[in-house]
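Before any comments, here is the structure.
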Amino acid sequence: MGRTFIENVAQRLRIIPNLDRPNAEGASGGLKHFPEPEDWHDHVELDANEWPKMVEKRYSLVPTTCFNCESACGLLAYVDKDSGQVTKFEGNPHHPGSRGRNCAKGPATINQINDTERILHPMRRVGPRGEGGWEQISWDQALDEISSKIRESLKTGAKDRVVYHVGRPGHEGYTNRVLKAWGVDGHNSHTNICSAGARTGYALWHRHDRPSPDHANAKVILLTSSHLETGHYFNPHAQRILEGMMDGAKLIVIDPRLSNTAAMADHWLPTWPGSESALFLTWANMILERGLYDRGFVEKWVNWEEWLEADYPEEPREFERFIQLLMEEYSQYTPEFAASECRIPVEQVIEVGEIVANAGSRLATHVWRAAAIGNLGGWQVSRTLHLLNVLTGSVGTEGGTSPNSWSKFKPDLFDVPPDPDGWNELHFPPEYTMSHYEMSHILPHLVKDGRGEMDVYFTRVFNPVWTYPDGFSWIEMLQNEDSVGCHVALTPTWNETAFFADYVLPMGHASERHDVNSYATSSGKWVAFRQPVLREYARREGHEVEFTHEVNPGEVWEEDEFWNELSWRIDDGTMGIREHFMSPYREGERITIDEYYQYMFERVPGLPEAAEAEGTDPLGYMRKHGAFLIEEATYNKHEEEGWPTPSGKQEIYSNSMAEFGYPEHSIPHYRVMSHVHPDNLQGEDEYCLLPNFRLPQHIHSRSANAKWLAEIAHRNPLWVHPKDAAKLGVGEGDLLKVETEIGWFIDKVWVTEGIKPGIIGCSHHIGRWRRKQDSGNRYMTNEVEIEDLGEGRMRMRTVSGVRPWESDDPDTNRVWWRDGGVHQNITHAVQPDPISGAHCWLQKVRISRPVEGEKYGDVEVDTNKSFEYYKKWNEMAKEREVHPRGERRPLWMNRPLPPRKEHWFIRE
Ligand code: SF4
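Here my numbering = 1-based position in the sequence shown + 112.
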């Protein structure tokens, strides 16, 4: 192909290489394959910084996985053989989930490990908790002090006072095993601000509580909000959605906001938040009316007979009658009804409904977070969305939607301690009978309500003070030493929650730790190995390493080894804990981290054979490749395994819902009106605030130290539709005051047609802060002042925005942006859904112009009001609290760390 004029000029100016010249290895200048793993320890590249000289650099390429979101995409660390340091990260083409590709957050791992402000040593609080005084201590001292506090608590016999609260888990089963070894019901997670709504809807159908859409092979891809596709499984899903579209699949996106995904869609339906179930039921009705349901699948695999038995005992148990009755049940869901609830044109409801109804077995659907976590009754969204898969027979099919667990590898562990002998009511209060999972977002309120306290509280990659709603209530709880005896923050970087800890212990980023990962990012099943890169590099170079902190920066450690060491020290020889940390290979000796993974990988189906074929063992294979494909595709597993529900079928009728006090929800319906339904908004100045969307460059609390990501996205203005802007009399950059149920914040306006009128958008991934006395994350944090105004009223004001600073990295002095956004989450009231337990993120807000003295970034909250508001929502669960046969919750439902069976019953 001929060269363009611009290319010719650029070549002559040596801006681009001579395109006719052979490359450094003498080959003609075509594209080359990525080097094979056999060559990864001696990889040669030209040094880009030396251009136009051809200077070779030698690297060892070490596979690991990204830890910046759940997807665990493959990364390859380039270890410079001269310096022994990691110089960059690229994708690992041998990873079956990500196939060599990453989003912006993957390569930005290099920013995180080189962050000049990262925590390099164990720190212990000096002075009152939360005041910002710290001293460096040794690991030995930290381990001794923390282990003795845990020992003291365990020796009282309490099973619920030592707690591990996790944000991003990123591993399989490690800490659950540790907690079981300690004998505590002490697992808490972030699930109920994230996925509890969607999980409930899916679990009611088939106990599996997550979907796995086969986008690449679909005919129709139906996404309820883009959130998942810019957040969870972002890169692995995005690449498969595009593959599906290139093969002719239609992309339908339901989202009140024009997200990046919606912008690529064939059909964007900007529905009113919380109305999605009305739309899905209308489409279900269209499938039934047109006779487009998959009779074979529905008749065989759905518990329709149970529904007839429960609600129509007089009717014959005939499939045709079931279909007639279902059509009668759903006759109210007309296109006109959906159009009016969703506030979209009826023609659009019908046009897109036809596409869905005709998708057959290749309908890939997905909802995660988004509407399911936004609204009161949000769990109905996944319950009704999955109904479309059931009716079209696209459950478990190629191009359809499978349960996530079919594609997830569950490791065999070398030792399984007994289940905890207790039930933690701070995590699973009795009134939330159907919650998925722990009621973590109301933890401070339950504590304030006198329902429990904690002796030792671990937060791990978890930043509720900033991420959660009502952060001032978290600060209040964490500062009270009667509520939380000792707070240990395990984190790679400073965060707003760590400021209120007693110990801050530095844990590794992606390339500085061990974890095993397996996620349903495609239709296959894979396992990947997150390994500490410099440890593997040392091994390749012939140096054995005992503990990962020996090769990590400073004294940064990893949780796996930390838990082993801590557990060993807790046990004074009388507690039976150490027996769970013994080597499965060396009688009477303590397990090592290599043995832990060796044991696991030896049991991965097919891996020992693949390893042998390469002349290595399974651990060696994973160290070399970083990932292994266990199954190419996992379709139709129900044909061998059935469904793990009480009926053994897909449950259109949920007997558990009926028994636990919600008979009106026993089959999928649209019977809960969202708290932000237009009928619940009053007056001209009330709006729905849509705060729960991601920016693709950020994760919740661990991306603020990544300079490339911060440069791309660092502020969170209010998305305001031009019609609303005109109504409010504001333009681009003007300030608005957003009043929630418990406080308010001031933010700038961004006028855009990318948001539905009546809705104000604001991403909750921005607005990080630190006080004068705090450190860390200066690429993204405003310096703030927090003031106690008395009687529960708290105020936060921005003292200064982002500023450049001097450090060993010249880029810190080149920071050009000043606006660090606004911490809106802290002004949100907690709104626990009485059924799923999910926090309903969307907020009913009043919008006005700020008055004199109110500035950009100002935040005010009344924590007394927030407690009262929590009580109001908590009452909704209490009103319907029912425990058939004394069961706390349905016995078949998942719990992340299930205690012994007898504790699943309420004792009189
Ligand atoms: S999608 Fe997630 S795991 Fe993959 S590169 Fe991006 S942040 Fe990392």
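By construction, the Cβ of each residue, glycine as well, lies at the ideal position given by its N, Cα and C atoms.
Next item on the list: Please confirm if the segment 853 to 870 is in contact with the segment 203 to 217, defined as three or more CB-CB distances below 8 Å between the two stretches.
Entry: no
Check: In angstroms, rounded to a whole number, what distance separates the CA positions of T609 and H498?
Finding: 37 Å
Checklist line | CA nearest to the CA of L475, picked from T513, N828, R433, S443 | finding: T513
Notebook entry, point to check: Cα separation between G313 and E441?
Noted result: 19 Å
Item checked: Contact test: N347 Cβ vs the ligand SF4 heavy atom, cutoff 7 Å -> yes
Notebook entry, point to check: Looking at P529 and H692, is the spacing between their C-beta atoms short of 8 Å?
Noted result: yes
Check: Can you tell me the Cα-Cα spacing of W518 and L503, whole angstroms?
Finding: 21 Å
Item checked: Nonlocal neighbours in the same chain, by C-beta distance under 6 Å from G773, ignoring five residues either side -> R992, V994
Item checked: Integer-rounded CB distance, given that L821 should sit under 8 Å from K217 -> 6 Å
Check: Residue range of the alpha helix (DSSP H) that P556 falls in?
Finding: 555 to 560
Check: Which parts of the segment 553 to 605 are runs of the beta strand (DSSP E), unbroken and 3 residues or longer, counting only runs that do not cross its ends?
Finding: 566 to 572, 596 to 603
Item checked: With 16 other Cβ atoms within 10 Å as the buried cut-off, status of F409 -> buried
Note to self: Is A471 close to the ligand SF4? I mean its beta-carbon at under 7 Å from any heavy atom of the ligand.
What the structure shows: no
Next item on the list: Output the boundary residues of the beta strand (DSSP E) element that contains Y276.
Entry: 274 to 278
Margin query: Quick check on the burial criterion: 16 or more other C-beta atoms within 10 angstroms. Buried or exposed for R1012?
Written below: exposed
Next item on the list: For N204, verify whether its CB is less than 7 Å away from any heavy atom of the ligand SF4.
Entry: no
Next item on the list: Please go through the same chain and pick out, in chain order, the residues whose beta-carbon is closer than 6 Å to the beta-carbon of V507, but skip the five residues on each side of it.
Entry: N501
Next item on the list: Less than 8 Å between the CB atoms is what I'm expecting for L590 and V596, so what's the real figure, rounded?
Entry: 6 Å
Note to self: Measuring only from the beta carbon, is S623 closer than 7 Å to any heavy atom that is part of the ligand SF4?
What the structure shows: no
Note to self: Between which two residues does the beta strand (DSSP E) holding G873 run?
What the structure shows: 871 to 873
Item checked: Spatial neighbours of R563 in its chain, beta-carbon cut-off 8 Å, leaving aside the 5 residues before and after -> E537, L538, P541
Next item on the list: Could you tell me whether any non-hydrogen atom of the ligand SF4 is closer than 7 Å to the CB of N592?
Entry: no
Check: So does N223 have its beta carbon nearer than 7 Å to some heavy atom of the ligand PLP?
Finding: In the structure shown, the ligand PLP is absent; the only ligands present are the ligand SF4.
Margin query: Just to confirm the assignment: which complete beta strand (DSSP E) runs, minimum length 3, are found wholly within the segment 412 to 459?
Written below: none
Next item on the list: Apply the 10 Å Cβ neighbour rule to V238 and answer buried if 16 or more other Cβ atoms are within range, or exposed otherwise.
Entry: exposed
Notebook entry, point to check: Which two residues bound the contiguous alpha helix (DSSP H) that contains D836?
Noted result: 834 to 840
Check: What do you reckon, is the C-beta of C952 under 7 Å from a heavy atom of the ligand SF4?
Finding: no
Next item on the list: Specify whether the segment 196 to 211 and the segment 735 to 752 touch according to this definition: at least 3 beta carbon pairs, one from each stretch, less than 8 Å apart.
Entry: yes
Check: Can you name the start and end residues of the beta strand (DSSP E) that P175 belongs to?
Finding: 168 to 177
Item checked: Cβ contact check for the segment 633 to 641 and the segment 312 to 328: 3 or more pairs under 8 Å -> yes
Notebook entry, point to check: Is it the case that the Cβ atoms of D970 and I858 are separated by a distance below 8 Å?
Noted result: yes
Next item on the list: Take R926 and list the residues in its own chain whose beta-carbon comes closer than 7 Å to its own, dropping the five residues that flank it on each side.
Entry: P916
Check: Which whole-angstrom value describes the C-beta separation of A622 and W480, a residue pair presumed to lie in contact below a C-beta threshold of 8 Å?
Finding: That pair is no contact at about 22 Å.
Next item on the list: Buried or exposed for E593, please, with buried defined as at least 16 other CB atoms from any protein chain shown within 10 angstroms of its CB.
Entry: exposed
Margin query: Please report the straight-line C-alpha distance between L1034 and I947, rounded to a whole angstrom.
Written below: Not covered by the structure: residue 1034. The range shown for the chain is 113 to 1020.
Item checked: First and last residue of the uninterrupted alpha helix (DSSP H) at G688 -> No alpha helix (DSSP H) contains G688, which DSSP labels as neither H nor E.
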